[in-house]
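Asker: The following block contains the structure, expressed as structure tokens.
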Amino acid sequence: KNQVEQSPQSLIILEGKNCTLQCNYTVSPFSNLRWYKQDTGRGPVSLTIMTFSENTKSNGRYTATLDADTKQSSLHITASQLSDSASYICVVRPGRAGSYQLTFGKGTKLSVIP
Amino acid sequence: EAQVTQNPRYLITVTGKKLTVTCSQNMNHEYMSWYRQDPGLGLRQIYYSMNVEVTDKGDVPEGYKVSRKEKRNFPLILESPSPNQTSLYFCASRGQSEGPQHFGDGTRLSIL
């Protein structure tokens, strides 16, 4: 069964510090991997999308990396801000023809404190 | 402004009383989906649609129906709601199969 596992489940960091969130997946074949940010009470918002051939992609202070060989991805947040407090969700799209479903991780809840 | 709009945002109702949650997008997207989000379980797909009149089941379709008569609308129907359908529901759309999903702000349903 296709799975996406995220770690840690939750994380507390001081404002201004960096952090890295992990995502391991078993989805195969693989089409692309996405990271979303979900603020409390809101819908998820797309941060990055990476295809099989991409190793890294940045969106401001967010940098996602992908190792398709080990089926691992990470999301690095630089110089964290209070507004980064949210859940971060890793999502994988299978590469099967005609498949439109996405496999979601359960998310990492990040709290940035002053 | 590009957006996905869900209504209502909050609803408390009773077991067995049919309800519909509407979803509309203004981006001319082909793909639309419904998800439910429960504590500890993350987002789970209920139904999805690849285009008008084309829908398919997701991971947890039991107890739900959908329709896609127009490109912009994708309502979620609970014919006979039960307490285990109490959850936070999200509608999403995307223009291409490889593109980012745009989510609505959610509908919190409580079924007593």
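Protein chains in written order, with this note's numbering: chain X, 17 to 130; chain G, 601 to 712.
Glycine is no exception: its CB is placed at the ideal position from the N, C-alpha and C atoms.
With distances taken from CA atoms, which of G:Pro639, G:Gln645, G:Lys669 is nearest Asn651 (chain G)?
Answerer: Comparing Cα-Cα distances from Asn651 (chain G) to each of G:Pro639, G:Gln645, G:Lys669, the minimum goes to G:Lys669.
Asker: Within 8 Å (strictly less), CB to CB, does Glu120 (chain X) reach chain G?
Answerer: Per the sequence shown, the amino acid found at residue 120 (chain X) is Phe instead of Glu. True, the Cβ-Cβ gap to chain G drops below 8 Å.
Asker: Please state whether DSSP places Pro110 (chain X) in a helix, a strand or coil.
Answerer: It is a strand residue.
Asker: Quick one: grab the DSSP three-state call for Asp659 (chain G).
Answerer: In the structure shown, Asp659 (chain G) sits in coil (DSSP, three-state: anything other than H, G, I, E or B).
Asker: Looking at the structure shown, is Leu712 (chain G) part of a helix, part of a strand, or coil, going by DSSP?
Answerer: Of the three classes helix, strand and coil, the one that applies to Leu712 (chain G) here is coil, per DSSP.
Asker: So is Arg609 (chain G) buried or exposed if we call it buried at 16+ other beta carbons inside 10 Å?
Answerer: Label assigned to Arg609 (chain G): exposed.
Asker: Compare the C-beta of Tyr648 (chain G) against all C-beta atoms of chain X and say whether one is closer than 8 Å.
Answerer: Yes, because at least one Cβ of chain X sits closer than 8 Å to the Cβ of Tyr648 (chain G).
Asker: Using the Cα positions of Glu698 (chain G) and Pro45 (chain X), report the straight-line distance between them to the nearest angstrom.
Answerer: So the alpha carbons of these two residues sit roughly 15 Å apart.
Asker: Taking DSSP as the reference, what is the three-state secondary structure of Asn684 (chain G)?
Answerer: Three-state DSSP puts Asn684 (chain G) in a helix.
Asker: To which residues does DSSP link Gln696 (chain G) through a beta bridge?
Answerer: Gln696 (chain G) pairs with nothing; no bridge assigned.
Asker: Just the chain G side, please: which residues come within less than 9 Å of His71 (chain X) by C-beta, in chain order?
Answerer: Reading off the sequence shown, one finds Asn at residue 71 (chain X), where the question assumed His. Those within 9 Å of Asn71 (chain X) in chain G number zero; the least Cβ separation is about 18 Å.
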